[in-house]
Amino acid sequence: MQGAKKPSRRRFILGGLAVTGALVVGWGVMPPRQRLNGSHPLPLGADSVALNGWVGINKDGTVSVAMPRSEMGQGVHTALPMLVAEEMDVPLSAVMVVQAPIDKIFGNIAMLKDGLPFHPDDTGRLKSTVSWVVGKVARELGLIITGGSSSVKDAWEPMREAGATARAMLVAAAAAEWNARVEDCRTMDGHVIHADGRKLAYAALAQKAVTAKPDKVRLKSPEEFKLIGHPQPRRDTPSKVNGTAIFGIDVRPPGMLYASVRMSPVIGGTVGSVNSAAVLKMPGVLKVVDYAGALPEKTGAGAGVAVIAKSYWQARQAALALDIKWNDGPLAGLSSAAIYAEFAAKLDKEDGFAYYKAGNMDAVEGKAAGVAKTVQAEYRAPYLAHAAMEPVNCTAQVKDGKVYLWAPTQSPGFAVDVAAKVGGVSADNVVLTVTMLGGGFGRRLDVDMIAQAVAIARQADGYPVQLIWTREDDTTHDVYRPASLARFSATLDAKGNVLGYDNKSASGAISHQFFQRNLGLPPGGPDKTTAEGEFDMQYHFANQRIRHVIVDSAVPLGYWRSVGHSHNAFFKESFIDELAHAAGKDSVAFRRELLAQHPRHLAVLNAAVAKAGAAPEGRAHGVALHQSFGTIVAQVAEVSVEGTEIRVHRVVCAVDCGLAVNPNIIAQQAESGVVFGLSAALFGAVTIKDGKVEQSNFHDYPVVRLNQAPEVETIILPSAAHPEGMGEPATPPIAPAVANAVFKLTGKRLRSLPLTL
12 MQGAKKPSRR RFILGGLAVT GALVVGWGVM PPRQRLNGSH PLPLGADSVA LNGWVGINKD
72 GTVSVAMPRS EMGQGVHTAL PMLVAEEMDV PLSAVMVVQA PIDKIFGNIA MLKDGLPFHP
132 DDTGRLKSTV SWVVGKVARE LGLIITGGSS SVKDAWEPMR EAGATARAML VAAAAAEWNA
192 RVEDCRTMDG HVIHADGRKL AYAALAQKAV TAKPDKVRLK SPEEFKLIGH PQPRRDTPSK
252 VNGTAIFGID VRPPGMLYAS VRMSPVIGGT VGSVNSAAVL KMPGVLKVVD YAGALPEKTG
312 AGAGVAVIAK SYWQARQAAL ALDIKWNDGP LAGLSSAAIY AEFAAKLDKE DGFAYYKAGN
372 MDAVEGKAAG VAKTVQAEYR APYLAHAAME PVNCTAQVKD GKVYLWAPTQ SPGFAVDVAA
432 KVGGVSADNV VLTVTMLGGG FGRRLDVDMI AQAVAIARQA DGYPVQLIWT REDDTTHDVY
492 RPASLARFSA TLDAKGNVLG YDNKSASGAI SHQFFQRNLG LPPGGPDKTT AEGEFDMQYH
552 FANQRIRHVI VDSAVPLGYW RSVGHSHNAF FKESFIDELA HAAGKDSVAF RRELLAQHPR
612 HLAVLNAAVA KAGAAPEGRA HGVALHQSFG TIVAQVAEVS VEGTEIRVHR VVCAVDCGLA
672 VNPNIIAQQA ESGVVFGLSA ALFGAVTIKD GKVEQSNFHD YPVVRLNQAP EVETIILPSA
732 AHPEGMGEPA TPPIAPAVAN AVFKLTGKRL RSLPLTL
């Protein structure tokens, strides 16, 4: 486990970079620290042997692989072991995952590097230098996080290197055993085989391999891959089908009690008074606990109290019966209307931060000669809840100077840190078991539920306590996808060519809030998530400017699947369609002209359009193209309109995600991303009135039902490039694709989400 002083060191490093931007030159030019061997042992059985920080050989010949990423349906328990199995020449079925310890070698470097606010086309020295330094900083921080569609991307090198190194050590051990040359040995199916036919199993060589020092370690070339790039079945499917998979809500440590919470209904509200006398007499009720002191500001979990009881039903009924007087606080008058009004006022008055500028600003502002037409539009998107199927939960036990956690978390390091702080122990005395997650989508990056659970467990006399939120708790106390307002203006000449393109948007800043509540960093500076999907587009406009105005948000904000891309793609791709219409051009042909300098994007667009074919009678095709998390996605949505109902029948989704590690999982994630994004496009909206979230459950915060889900056809373009993200990129394009189809059918341009006629 991490030492107790690690959080303050993280704050120092991140804070120093954010506030001063100063870099120590001598340190900056040193090579990044290795990620092969950590400072904590790999958790293996007594008869197993660790060959490095990632890989161990078990007595039965199976291979144990450290799993630093959380399995929440995206397939990392299959995709990441494939990387090791490929390099070690072992069957995928022989690879077992073990939870990685809290060690810096497992930190997610790719995610932090991807957070830099550089345009993808930027190949300058500044970008390469800053990316290099941030990679080194990320290695020092060692933040173990599952998010940003980065699991395969981050693991691509270290896990393959770990497997290849282990293989080289085993080969060296076998060569020494036979007094033979390494060059005369090869590997296959968990064995080292000599040219003369002799062979030894990895298990028989493991002990000797620990001290072996191979001359060189070579990664396989793509031409040698036997697993990578080939469809493999999901390894977690059988346990999910037969019910043996353990999610957070399935944990049952001996003597477990249950807790249910009541949280302030008003954002930022506090507890005035609690009369718990009657509740304490109810069957099974043991204690009423005030946990508010465990929470930082602007968390999803509001101030409140919890009831501990012998069963969940007893705890929930008692919590509902509590007589609580709330102090609503200064946000009791907060409303969505007022929030949008503030966005508009800030856009009127402030220039914002320019994420990208190119060309002549006179042309951008419509002051250049040759302007024949000006197109302007304003778009908006609401707050969104995560609505993961597994309710928010955490099981905690505080006993004998230790904190035991069973949690479906995306942030094990943050979970350990907050448990140590709230539990009053060092981080070394926190024992965390990461269970499977019944959906995360970014909600379980935050650890407010863990702080709650540990604070409650401290009052449970050493018994483990399982905290479970209701769906209403979850919907009304989320960390929400930000609401946003975006304005566009473009000028065209008489031939329909775009002379200038201007985009300015306003919203709260997720990263400001997230790092403040989890690392204690003061908010400040630009936040890429606010403008991603707008400033980093690949359409070529010679004269363009993309800006964003950060408006401090009283509403708790969090990372929602595809983050800023989720709404900015809707804004941008809808406006591109508006420009095509204003130019009198077909929307696909218009995009092709703008993508002349980006052949990969053009290929993805062409693949989707070709596969979609012509729309059937009574339906229309809407097109959208968007890049996020390194992956290019084009979607063609086949849509019909019946009265005021928008119906999506089919979606063709073409992707270029670099080298496809497991095509099966890529297709699954594309389907998932489309349905998730379609729920938001057609139904998703969290609104605020009198300081309260108005939605509470699926009756007023609906998701796409089975009979509403479209057929999704996924095309994976071949590529030898570095693997990119796939968990999120299929979500952003669906809303604009549907909106663009609706325009073809009705002539109505829908500029607000969710899409309603």
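Using the working numbering, you'd call the opening residue of the sequence shown number 12 and step up by one each time.
Glycine included, C-beta positions come from ideal geometry on N, C-alpha and C.
I'd like to check one pair, G118 with R150: are the Cβ atoms closer than 8 Å? The answer is yes: Cβ separation under 8 Å.
Just list the alpha helix (DSSP H) runs in the region 132 to 193, keeping only unbroken ones of 4 residues or longer that don't cross its boundaries, in chain order. Within the region 132 to 193, the runs of alpha helix (DSSP H) that reach at least 4 residues and sit entirely inside it are, in chain order, 136 to 152 and 162 to 189.
N-terminal and C-terminal residue of the beta strand (DSSP E) that E724 is part of: E722 to I727 is the extent of the beta strand (DSSP E) around E724.
State the DSSP-derived secondary structure class of T642, mapped to helix, strand or coil. Under the three-state reduction of DSSP, T642 is assigned to strand.
Are the Cβ atoms of Y302 and I68 separated by less than 8 Å? With respect to the 8 Å criterion, Y302 and I68 are not classified as neighbours on the basis of their beta carbons.
Exposed or buried, what is A348 when buried is set at 16 or more other beta-carbons lying within 10 Å of its beta-carbon? By the C-beta density criterion, A348 is exposed, having fewer than 16 other C-beta atoms within 10 angstroms.
Can you check whether the CB of G641 is closer than 8 Å to the CB of G669? A contact, by the Cβ cut-off of 8 Å.
Quick one: residues in its chain with C-beta nearer than 8 Å to the C-beta of D261, no 5 flanking neighbours on either side, listed in chain order? Here the set comprises T446.
F525 in three-state terms, based on DSSP: When DSSP states are grouped into helix, strand and coil, F525 belongs to the helix group.
Using 8 Å as the threshold, is the C-beta distance between A671 and L764 below it? No, these two residues do not count as a Cβ contact at 8 Å.
F709: buried (16+ other C-beta within 10 angstroms of its C-beta) or exposed? Exposed, because fewer than 16 other Cβ atoms sit within 10 Å of the Cβ of F709.
Whole-angstrom distance between V375 and G448, CA atom to CA atom: Reading off the sequence, residue 448 comes out as Leu, not Gly. If I take the Cα positions, the gap works out to 47 Å.
W324 (DSSP reduced to helix, strand or coil): Here W324 carries a helix assignment [DSSP, helix/strand/coil].
Taking 6 Å as the limit between beta carbons, can you name the residues of its chain near S690, skipping five residues before and five after? Only V714 and V715 meet the Cβ criterion.
Return the CA-CA distance between A356 and A379, expressed in angstroms with no decimal places. One C-alpha to the other measures close to 27 Å.
Looking at the strands, I want to know which residues DSSP matches up with F754. Answer is none; F754 lacks a bridge partner.
Would you identify the three-state DSSP class for M400, choosing helix, strand or coil? DSSP places M400 outside both helix and strand once states are collapsed to three, so it counts as coil.
Taking DSSP as the reference, what is the three-state secondary structure of S763? In the structure shown, the three-state DSSP call for S763 is strand.
Tell me, please, which residues DSSP counts as bridged to F364. According to DSSP, F364 shares a beta bridge with H559.
What does the Cβ neighbour count give for P610, buried or exposed, with the cut at 16 atoms within 10 Å? When all chains shown are included, P610 counts as exposed.
Bounding residues of the beta strand (DSSP E) (the contiguous stretch that carries A497): Segment S495 to L503, the beta strand (DSSP E) holding A497.
Buried versus exposed, by CB contacts within 10 Å (16 or more), L510: Buried, by the Cβ-count rule.
Quick check on the burial criterion: 16 or more other C-beta atoms within 10 angstroms. Buried or exposed for L127? By the neighbour-count rule (16 or more Cβ atoms within 10 Å), L127 is not buried but exposed.
How big is the Cα-Cα spacing for L34 and A166? Confidence in L34 is poor, its pLDDT being 41 and thus under 50, which makes the residue's placement unreliable; the coordinate value appears in the next sentence. C-alpha separation (whole angstroms): 27 Å.
What span of residues does the alpha helix (DSSP H) with V436 cover, start to end? Careful: V436 lies outside any alpha helix (DSSP H) and carries neither H nor E.
Flag this pair as touching only if the region 609 to 628 and the region 524 to 538 have three or more C-beta atom pairs under 8 Å; answer yes or no. With the cut-off at 8 Å, the region 609 to 628 and the region 524 to 538 do not touch.
V753 to R178, Cα distance in whole Å? If I take the Cα positions, the gap works out to 56 Å.
To the nearest angstrom, how far is the alpha carbon of F364 from that of F526? For F364 and F526, the distance between alpha carbons rounds to 20 Å.
Which residues does DSSP pair with V285 in a beta bridge? According to DSSP, which records beta bridges pairwise, V285 is partnered with I335.
Counting pairs of Cβ atoms below 8 Å between the region 485 to 494 and the region 304 to 320, do you hit three or more? By the Cβ test, the region 485 to 494 is in contact with the region 304 to 320, since at least three Cβ pairs between them sit closer than 8 Å.
Could you check which residue in R572, T255, A748 and S232 has the C-alpha nearest to that of A732? Selection R572, T255, A748 and S232 evaluated against A732 yields S232 as nearest (Cα-Cα).
Alpha carbon to alpha carbon, how far is V87 from C664? Give it in angstroms, no decimals. Per the coordinates, the alpha-carbon of C664 lies some 22 Å from the alpha-carbon of V87.
If I measure Cβ to Cβ from W38 and keep anything under 7 Å in the same chain, skipping five residues before and after, which residues do I get? Unreliable positioning characterises W38 in this predicted model, as indicated by a pLDDT of 49, which lies under 50. The coordinate reading is nonetheless provided below. Here the set comprises nothing.
Residues of its chain near V436, where Cβ-Cβ distance is below 7 Å and the 5 sequence neighbours each way are ignored: The beta carbon of V436 sits closer than 7 Å to the beta carbons of G412, K413 and V414 from its chain, once the five residues preceding and following it are set aside; these are given in chain order.
With C-beta atoms as the reference, is T742 less than 8 Å away from A678? No, they are not a contact pair.
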